[in-house]
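Protein chains in written order, with the numbering used here: chain U, 134 to 361; chain F, -5 to 234; chain Y, 27 to 309. All C-beta atoms in this analysis are idealised placements derived from N, C-alpha and C, irrespective of residue type, glycine included. Keep in mind it's a predicted model, so treat the numbers as computed, not measured. Below: one structure, written as structure tokens.
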């Protein structure tokens, strides 16, 4: 089977790319791409919180999504809430009461799967910021196309031909717990569970990519320091 | 040392008892004592990391901690910081130390300060202070004297000079008097520094040219090896 | 012993205010909820179609303490150039301070915007209505339906209530027959009313929330239950058992098994509500 962008396998993901600490003024930042889909995430915090948003026993997490073109719409609001609710459980917010964690997501290039790309970018940015966390989130999307095939990490062309679109995020504990499931279209329970399973396996690849990326950066910093 | 660098990510389980090391095992089959430092926490029976960093272990005392770098300061008792006075109130000053909340510096927390005789700091003043109290639920409190001696010991207002911002990791390294960058710079001209653990470094010398050079050299030294530091310092000096 | 004595010496109201988690946990351990429901029962639901006579279609839905009114206003609009036959259906959710002290006056809250967007996306992506049925004259005039979903009493689970209200209002919708005159004025004939929109499928939303300690799922959460649990699952099914929308987020407790049990509960709920809708519209 040949896919529109030259991939040969339905389970093949597009190439990942990531860079960390690319913004100077944020406490943490990262860029993540699935093929052409690219997102920059920045994290500021723990910082001072507005009294209105203050929570006495934990940090307030705020996610702001900036679209690639135009002004934010309600579509971005939906994305903001999904992202916040996905990454919030991974942050040890109880360690930073009465503070604000502000996450800004700037969409750079759109070619499908913005939700999953943004989850991965935020995870990397939070690592860079050094926020205390209990786990890490990684997300993958899949579609069921009109012919009933399950395709992982669809591009925008494939999305046009989708009968349902599924995005799942998992944490990095040994059981890979489900953090987010956002699925829309028409599908059966079996198809849902198939997608869940396929994305779970694929998310392990994203997790190991994030791990390698962070390991490489830290090792590089260390070696430069000790090369004397 | 560098060969077995162990990088961990949040959520990783840390096996602290795998090596049947005599020193870490108590007699009988008691659970050995483990001391956890920054970045590690206990979740039920397991030791779990909370940050991305390098896992470190010290045999005496069986201490484990994570060495990680970040830019945002989280106040901890006993650390020295550089703050900027942002407001003056009757009982205390509010000082920005780069954390989530501004810190409190009581007007009497200076060497020899009394109700009648106390320093007058205007907003914008730089102070070098020690965190006397830090708690996640409260604003941090500062003091400008060493509690063991009651003397200023260098704490107090910083006059003149220049403050640069850098990562917390670089600050920690600069506190080591053997840090190459400070040693190389010291070979060329005399200068003063105060390193705050909150990612701020104050530098001062007898003339502004040197101060600018100092600031640039320290800022750029974060990812440089000893040899590269030496080369950078020399090229900067040559350009003077 | 002493703890029990202390606990009985002040009223449960105070206990609820001081330790809401603990208060709630003690109920859940007995497999009952503070409002007397079992863990998986939905609150009593009632529908009244045609609640607003001045609207082209309307419905009022009550789910327990949550009351939502949906009114549809039809206007004539010019179609988009790339879709000359399609009309418009614009859902809007309003959560004003009138329904709960949680909401502030001013621009629509995030919750209101997100619910409206979910409804909008399900309408677009799940083949529920055929917008070309709203065509008056191809390329010239179409009906544009503004569905205002207003919450007048908020006690949790706004998505289920607003979705149900929208569906019933769409079923209630009747429009005058209209034509475009040669002078390109649209003339409506109010003596001839038609029901233009057919619902191709009946999407029924069911929401659950998940508690970590003890690990249980609760159907149809109230406001206070929503505040205590962060993890929620919303499932929209049609009456044939096809899934249209699944959203779960806010925690890491839910696994595939839990999702399956939510699916089967959502299926039961869909059958139940389908019957209720049938009964209401035949009246």
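Beta-bridge partners of residue 104 of chain F (DSSP): F:138.
In the structure shown, residue 202 of chain F falls within a helical segment according to DSSP collapsed to helix, strand and coil. The shortest CA-to-CA distance from residue 260 of chain Y to any of Y:249, Y:273, Y:268 is the one to Y:273.
Residue-level contact check: residue 64 of chain F touches chain U, since one or more beta carbons of chain U fall below 7 Å from its beta carbon. For residue 131 of chain Y, there is no enclosing beta strand (DSSP E), as DSSP gives it neither H nor E. For the stretch 141 to 175 of chain Y, the residues whose beta carbon sits under 8 Å from a beta carbon of chain U are, in order, 142, 143, 144, 146, 147, 148, 151, 152, 153. Exclusion of the five residues before and after residue 169 of chain U leaves 242, 244 as the residues of its chain whose Cβ lies within less than 6 Å of its Cβ.
Exposure of residue 83 of chain F is indicated by the presence of fewer than 16 other C-beta atoms within 10 angstroms of its C-beta.
Look at residue 276 of chain Y: its C-beta is under 7 Å from a C-beta on chain U. DSSP, read as helix, strand or coil, puts residue 155 of chain Y in coil. For residue 225 of chain Y, the secondary structure class from DSSP, reduced to helix, strand or coil, is coil.
Shortest Cα-Cα distance from residue 241 of chain Y to any of Y:280, Y:115, Y:267 involves Y:280. Residues of the same chain with a CB within less than 6 Å of the CB of residue 340 of chain U, apart from the 5 flanking positions on each side, are 271, 305 in chain order. For residue 60 of chain Y, same chain residues with a beta-carbon under 6 Å away, outside a window of 5 residues either side, are 53 in chain order. When CB distances to chain Y are screened at a threshold of 8 Å, the residues of the stretch 259 to 274 of chain U falling below it are 268, in chain order. Non-local C-beta neighbours of residue 220 of chain Y in its own chain, meaning closer than 7 Å and more than five positions away in sequence, comprise 200, 201, 203, ordered along the chain. Residue 40 of chain Y and residue 324 of chain U have their alpha carbons spaced roughly 48 Å apart.
The residue among F:62, F:134, F:184 with its C-alpha nearest the C-alpha of residue 89 of chain F is F:134. The alpha-carbon of residue 237 of chain Y is positioned some 8 Å away from that of residue 244 of chain Y. Straight through space, the alpha carbons of residue 171 of chain F and residue 72 of chain F are spaced by roughly 19 Å. The C-alpha of residue 148 of chain F is placed about 15 Å away from the C-alpha of residue 107 of chain F. Taking 7 Å as the CB threshold, residue 224 of chain U stays off the interface with chain Y. When C-beta atoms of the stretch 111 to 130 of chain Y are compared with those of the stretch 64 to 83 of chain Y, fewer than three pairs fall below 8 Å, so the two segments do not count as touching.
For residue 230 of chain U, the neighbours in chain F by C-beta distance under 9 Å run, in chain order, 130, 131.
Distance from the CA of residue 10 of chain F to the CA of residue 184 of chain Y, rounded to the nearest whole angstrom, comes to 48 Å. Against chain U, the CB of residue 45 of chain F has a partner CB under 7 Å away; the residue lies at that interface.
For residue 217 of chain F, the nearest beta carbon of chain U is closer than 7 Å to its own beta carbon. For residue 187 of chain F, the uninterrupted beta strand (DSSP E) segment begins and ends at 185 to 190. By the C-beta density criterion, residue 356 of chain U is exposed, having fewer than 16 other C-beta atoms within 10 angstroms. Distance between residue 167 of chain Y and residue 103 of chain Y, taken at the CA atoms: about 6 Å. Scanning Y:217, Y:225, Y:213 for the CA closest to the CA of residue 197 of chain Y turns up Y:225. When secondary structure is reduced to three states using DSSP, residue 222 of chain U falls in the helix class. Comparing alpha-carbon positions, the option among F:119, F:125, F:183, F:67 lying closest to residue 154 of chain F turns out to be F:119. Contact between residue 172 of chain U and residue 250 of chain U holds: their C-beta atoms lie close to 5 Å from each other, under 8 Å. Between residue 46 of chain F and residue 216 of chain U, the CB-CB gap reaches or exceeds 7 Å. Using a CB distance cut-off of 7 Å, residue 174 of chain U does not count as an interface residue toward chain Y.
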